[in-house]
Amino acid sequence: MKNNKIVIYIGLLAVGLLLGWLLFGGSSNESAEHNHTETTETNQMWTCSMHPQIMQPESGDCPICGMDLIPAASSADGLLADQFKLTENAMALANIQTTVVGKGNVDGNTLKLSGKIAENEEANAVQVSYFSGRIERLNVSFTGEEVRKGQLLATIYSPELYAAQQELITASSLKESQPALYKAVRNKLKLWKLSESQINQIEETQKVKENFPVYATVSGTVTEKLVEQGDYIKQGQPLLKIANLNTVWANFDVYENQIDLFEKGQEVLVTTNAYANKEFKGKVDFIDPILNTRTRTVTLRVVLNNKNDVFKPGMFVTANIERVSNNNDEVLTIPASAVLWTGERSVVYLKTNPDQTVFEMREVVLGNQNGNEYEVLEGLFVGNEIVTNGTFTVDAAAQLQGKKSMMNKDGGKVMTGHEGHLGMDNNASKKESDHTNMNERLTVSEKFQEQLKVVYNDYINLKDALVKEDSKNTSVNATSLLNNLSKVDMKLLSDNNAHTHWMSLVKEIQSSATSISKTSDIKAQRDHFKHLSSHLINAVQLFGVNEKVYVEFCPMADNNNGAYWLSKEEKVINPYFGAAMLTCGEVKQVIE
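In terms of UniProt numbering, the sequence shown opens at residue 1 and continues consecutively.
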């Protein structure tokens, strides 16, 4: 009986276990699966397409720019060390576009060069005085005045000429007995550029002239007035510089890798902003045999007819020249929009797999620019797929992921401070001067331009304080600039490309202005001002401030490396040297 009870208990226990598994086992699995799903969803991170450094556990707005967050990309396992991946959403939002590299025949393409009008030195003349004395009257009032050959320029009182006339009067009475003496006295007066008629008049009247006229030996425009009325001058001293502007020179800079594309006698079509709808024909007259080692360029000169006074010395001009070609070989070409410049290097971003959004930076060696394309000498092959739109966005992603990028050629930790760019700002500025297509104006709202203009006005005040060598006000204006920079509303930039450019520039402007505000050393302030100018020039070029802005350059600043700055006026007032070299420099560009 006892054994039967034990069997019954065991049976009931087995039935209980079975019922428990049936009732609760399935739900436990479901619960485990549900918890696993919840865990997966909980691990999902959200990021901003414009600021990949933002990582949040839930969706919402970007704390930097206010854009909607998107799901972050999954791990990039299997990528090479220099490769990085972008999400499809980021690609779409930033409008990143790619192009497959192909060959193009550049024969017959027109090359575009930028240059400046200068006086024709072969037609220039310096009007000198052939005897010493005092200028009793100067008949030229101002620079730019037109003079004609034979026109009276000045009247000079000369004691030595007065004595020479008396010698002539005495010698004329002895010309029969001492002909050699008489002839020597006349020749002496001829050396002082007195004419035969003037000498004969003195001899016939037996009267000495106190003041002698100086006549123009050429026709032209007075480009420089070297003396004033009442000055004492020496024999041979220059009085005026006179230029004949019936012809002028147009001087263009040609890079050393372009030299073989030009030859003397080539036809050139020249245009200028002053006459936007006109083309002027000329020919290559001279190619400088000496290379400028600082700019790595040679000067190409075109002589232009200027009888209608169209061209003014100092005027900027553009030349369109058919390149010389010795063969019909095809060359590799890429759109200019694909290239990022870093001073010494030019880089593109390569899409490594046509089926995946995986990219890597590639350094390239470029040849000539033909319209909106560059020849590629090294770094790419036919069939490579490269980024041609949204390049800055891809570069920003590379920097933030610690990959090789425009600013960081070796990859790894990205330098975000001011020091990371000290070595490339000046060269980058020069490249931007030479490749203006990289800074084409972006379309932004007038409200954004007005906010940027407030920052620009603070910069001008800072620049003026440096001119006066006022380090205290320089710091004050740098602080004001930082304050107004923080008030610029980046949400006004609806275009992703404009937004990316601004985010890249604002960090650099902040870094430079902060460095200026924290020091009272005028030399250190000027060093940081160079970098501040470089980035603000880019900002004004890209977005505009609704007024004319002059980009000026001093070749002697920064230990003869040269440096740029912005100005509201064409007149050069140098902030890098102050009173020591106040007018050193020239206008390199006018931003409308």
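From the three backbone atoms N, C-alpha and C, an ideal C-beta is built for every residue, glycine too. Fair warning: this is a prediction, and the values are worked out from it, not measured in the lab.
For residue i, the residue or residues it bridges with in DSSP
i	result
F311	None; F311 has no bridge partner.
S346	W341 and V364
E385	V100 and K351
R301	N251 and F286
V268	G282 and I321
D61	D68
T333	G102 and E375
A125	I242
Q585	Correcting the residue type first, residue 585 is Gly in the shown sequence and not Gln. Paired residue(s): none; G585 is not in a bridge.
V549	I591
W565	E552
K85	V358
Residue i, DSSP secondary structure in three states
i	result
I321	strand
T393	helix
T223	strand
Y275	strand
L79	coil
T47	strand
A216	coil
R137	strand
E30	Low per-residue confidence applies at E30: pLDDT is 43, beneath 50, and the placement is therefore not dependable enough to give any value.
K116	strand
T170	helix
K413	The predicted model places K413 with a pLDDT of 42, which falls under 50 and marks its position as unreliable; any figure quoted below should be read in that light. Of the three classes helix, strand and coil, the one that applies to K413 here is coil, per DSSP.
A94	coil
T205	helix
Q401	coil
Residue of the options minimising C-alpha distance to residue i
i	options	result
V365	S219, V348 and V358	V348
R526	L377, Y456, E469 and G133	E469
Q589	V303, F553 and A563	F553
N384	T47, P354, A164 and G585	P354
C112	D253, T479, K548 and T393	Looking at the sequence itself, residue 112 is Lys, so the reference to Cys does not match. Of the candidates D253, T479, K548 and T393, the one whose C-alpha sits nearest the C-alpha of K112 is D253.
R134	V128, V551, N320 and S158	S158
N257	R186, L377, Y232 and E196	L377
L153	Q127, Y162 and S173	Q127
A524	L493, H535 and D558	D558
I537	Y182, N457, T155 and V270	N457
G562	K568, N574 and E570	N574
C584	S567, E167, I591 and M556	M556
G379	E176, F311, T333 and S520	T333
K264	N292, V302 and E228	V302
A398	L79, Q83 and P71	Q83
E228	E204, N306, V270 and E136	E136
K530	S511, Y564, K518 and L505	Y564
I290	I259, L304, T271 and Y275	I259
Alpha-carbon to alpha-carbon, residue j and residue i
i	j	result
L93	N389	12 angstroms
Y576	T295	21 angstroms
I242	S219	8 angstroms
N273	E122	26 angstroms
N244	D495	52 angstroms
L542	M503	13 angstroms
G102	K351	15 angstroms
A184	K116	51 angstroms
E119	A338	39 angstroms
P335	L300	26 angstroms
V454	G282	44 angstroms
I233	H528	47 angstroms
D68	Y459	34 angstroms
S114	Q165	57 angstroms
R186	G236	20 angstroms
N461	V549	14 angstroms
N105	V268	With a pLDDT of 45 at N105, under the threshold of 50, the modelled position of that residue is not reliable, and the figure given next carries that caveat. Cα to Cα, the separation comes out at about 21 angstroms.
A513	N308	48 angstroms
F359	L493	26 angstroms
K193	S567	49 angstroms
S141	G367	51 angstroms
L174	I202	15 angstroms
Q97	A396	16 angstroms
V214	N124	18 angstroms
L532	N95	30 angstroms
V476	N483	11 angstroms
R345	V270	31 angstroms
L485	C62	20 angstroms
Below-8 angstroms beta-carbon distance, residue i vs any chain C residue
i	result
E167	In the structure shown, chain C does not exist; there is a single protein chain.
key: Runs of beta strand (DSSP E) wholly within the UniProt domain "DUF3347" (455-547) (minimum 3 residues, chain order)   = none
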